[in-house]
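Residue numbers for the sequence shown follow numbering that gives the first Met the number 0, beginning at 0 and rising by one. Virtual Cβ for every residue (Gly too), placed ideally from N, Cα, C.
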Amino acid sequence: MNIHEYQAKELLAKFGVAIPAGYAALSVDEAVEAAGKLPGPLYVVKSQIHAGGRGKGKFKELAADAKGGVRLSKTIDEVRANATDMLGNTLVTIQTGDAGKQVNRLYITDGADIAKEYYFSMVVDRKAGRVAMIVSTEGGMDIETVAHDTPESIQTITIDPAEGFQPHHGRAVAFALKLKGDLNKQAAKVAEQLYTAFMATDMEMLEINPLVETTDGKILVLDAKVSFDSNALYRHPDIFALRDETEEDPSEIEASKHDLAYIKLDGNIGCMVNGAGLAMATMDIIKLNGEFPANFLDVGGGANKEKVTSAFKLILSDPAVKGILVNIFGGIMQCDIIADGIVAAAKEVNLGVPLVVRLEGTNVEKGKEILANSGLPIVPADDLGDAARKIVAQVQKAA
Ligand code: ADP
Ligand code: MG
């Protein structure tokens with residue numbers, strides 16, 4: 000789960016991280032009011048969307064030479080003008096794709112007098128089994144570009160979870176950033192604070208780009224991108240409450256409500272499968288037969304009629320779907336119960352596309368009988384290969 004920059008900063012501030020003052024705003028008036036609470040003389044108006052590259056982004060509705068989604072403002076009137084430009088408009092950045100994202104929230108924050116920008120991030124390095132800190136002297140631009148142009152400026156420091164953060168880790172970060180004296184101490188301290196926050200809240204990724212040194216010798220966090228491990232969110236109801244559903248794919252939100260693992264893809268054959276491995280195999284074999292899957296969908300081990308119905312509705316909500324392949328292995332779950340679910344769901348959603356069903360496992364004969372006697376044009380299949388050939392043939396015939 001991702002959160003907005005202002006939420007990430009409020010969270011990090013609780014761990015002592017040095018952050019410029021700032022307030023979130025949902026309207027131009029709120030933006031102006033927020034600026035009024037800041038000392039000035041420099042304010043920054045920042046679009047809050049779940050994507051990076053905002054500064055260099057472009058608004059679809061504005062002139063091509065208009066400024067991006069992060070704007071320095073010298074007066075409150077400029078704050079007002081910039082907020083008016085951003086709110087409700089669509090920001091396109093290298094991370095949003097061509098469709099862009101609508102800006103519904105702003106963050107109004109103190110402008111920092113930047114002497115130098117650095118890069119700092121943390122990820123879970125699965126291969127090392129550790130949290131890795133990735134730092135670079137080249138901040139403010141996207142890390143892919145830095146990795147391409149000046150890979151030698153990027154250094155990785157990993158932390159053994161049993162050992163935890165030690166003073167030498169802090170020194171390694173400060174050394175990698177080539178910082179001396181008090182700046183060195185500040186960088187070591189912020190690295191420790193960020194590590195503590197990362198571990199305490201079960202983050203998956205944290206990116207501070209830029210971490211800056213100010214002209215008056217302070218290390219400050221100017222941008223923060225954070226994502227959390229979804230499997231650990233049950234431990235953090237306060238963080239879960241920060242979720243902004245308007246930033247997520249609506250069909251994936253709907254799926255998560257029904258405890259379905261669903262990912263939308265670009266093809267035209269909807270898939271409903273139990274088990275992630277079987278779902279992957281089903282997608283592969285559809286491709287092998289010349290068509291593309293419209294989604295990945297794992298209904299899980301305990302699929303009942305309600306779940307199957309929600310799954311059908313979800314698949315059919317995608318207008319690209321021209322046929323559905325149901326591939327269920329009834330191990331613990333019985334095929335007759337699944338067949339009942341499929342028939343009831345197909346009737347309820349008024350299925351208008353071909354449906355091929357492959358059932359295997361416990362009570363399979365009973366299950367097939369239910370499908371055959373349902374009065375619905377369900378095409379039965381004997382195995383995975385047969386099922387894929389049949390649905391591809393049906394879809395291609397209809398095209
Ligand atoms: P994004 O990464 O989405 O473009 P950032 O928050 O990193 O957004 O902002 C882009 C650039 O704007 C930063 O690299 C920095 O130079 C400048 N900037 C951002 N926040 C501030 C601030 N509070 N004061 C001064 N400059 C800022
Ligand atoms: Mg940034």
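The beta carbon of SER152 lies closer than 8 Å to those of SER135, THR136, GLU137, VAL145 in the same chain, with the five residues before and after it left out.
For MET332, no beta strand (DSSP E) encloses it, and the DSSP letter there is neither H nor E.
The set of residues whose C-beta lies within less than 6 Å of a heavy atom of the ligand MG reads, in chain order, GLY51, ASN208, ASP222. Boundaries of the beta strand (DSSP E) harbouring ARG70: 69 to 72, taken from the DSSP string.
Under the DSSP definition of a beta bridge, ILE158 partners with VAL130. Taking non-hydrogen atoms of the ligand ADP into account, the C-beta of GLU4 is found less than 8 Å away from one of them. For the set ASN349, LEU315, GLU364, VAL355, the Cα lying nearest the Cα of GLN333 is the one of GLU364.
The beta carbon of HIS257 is closer than 7 Å to those of LYS306, SER309 in its chain, skipping five residues each way along the sequence. Comparing alpha-carbon positions, the option among VAL220, THR214, ASN349, ASP215 lying closest to ILE207 turns out to be VAL220.
When rounded, the separation of the alpha-carbon atoms in ILE252 and LYS179 is 47 Å. Between ILE238 and ILE18, the C-beta gap is not smaller than 9 Å, which leaves the two residues out of contact.
When beta bridges are read from the DSSP output, GLY269 appears opposite ILE323. Residue range 202 to 213 is occupied by the beta strand (DSSP E) that includes MET204. Scanning its chain for C-beta atoms nearer than 8 Å, with the 5 sequence neighbours on each side dropped, one finds around GLU4 the residues LYS45, GLN47, TYR106, ASP222, ALA223, LYS224, in chain order. At least 9 Å separates the beta-carbon of VAL189 from that of CYS270. Under DSSP, GLY21 shares a beta bridge with THR108. Of all alpha-carbon atoms in ASP64, LYS55, PRO209, LEU90, the one lying nearest the alpha-carbon of ALA114 is that of PRO209.
In this structure, GLY330 is the residue among GLY330, SER316, MET0 with its C-alpha nearest to the C-alpha of GLY360. Between ILE262 and ILE323, the gap from beta carbon to beta carbon reaches 9 Å or more.
With respect to the C-alpha of ALA131, the residue from VAL91, ALA111, VAL172 having the closest C-alpha is VAL172. In this structure, the beta-carbon distance from ALA50 to THR92 falls below 9 Å.
Proximity of the beta carbon of PRO19 to the ligand ADP is indicated: a heavy atom of the ligand is located closer than 8 Å. Judged by the Cβ position, LYS45 qualifies as a neighbour of the ligand ADP at the 8 Å threshold, a heavy atom of the ligand being closer than this. In the assembly as shown, GLU244 is an exposed residue. Its beta-carbon has fewer than 16 other beta-carbons within 10 Å.
If you compare the alpha carbons of GLY87, ALA392, GLU77, MET198 with that of GLY163, the shortest gap goes to MET198. Sequence-distant partners of ALA275 (beyond 5 residues in either direction) whose C-beta falls short of 6 Å from its own C-beta, in its chain, are ASP297. For LEU11, the closest C-alpha among the options SER226, VAL78, LYS36, VAL123 is that of SER226.
Of ASN362, LEU259, GLU246, ASP228, the smallest CA-CA separation from GLY301 is found for LEU259. Taking PHE119 as the centre and dropping the five residues before and after it, the same chain places the C-beta of VAL134, ILE207, LEU210 closer than 6 Å to its C-beta, in chain order. Here the distance from the Cβ of ILE113 to the nearest heavy atom of the ligand ADP is below 8 Å.
Under the three-state reduction of DSSP output, ASN294 falls in the strand class.
Every alpha helix (DSSP H) stretch that sits fully inside the region 217 to 267 and reaches 4 residues is listed by chain position as 236 to 239, 249 to 256. Per DSSP, the continuous alpha helix (DSSP H) segment holding PRO166 begins and ends at 166 to 175. Per DSSP, ARG53 has no beta-bridge partner at all.
Under the DSSP assignment, GLU116 falls in the beta strand (DSSP E) whose first and last residues are 113 to 124. When the five nearest sequence neighbours on each side are left out, the beta carbons in the same chain lying within less than 6 Å of the beta carbon of THR89 are those of LYS59, GLY99, GLN101, in order along the chain.
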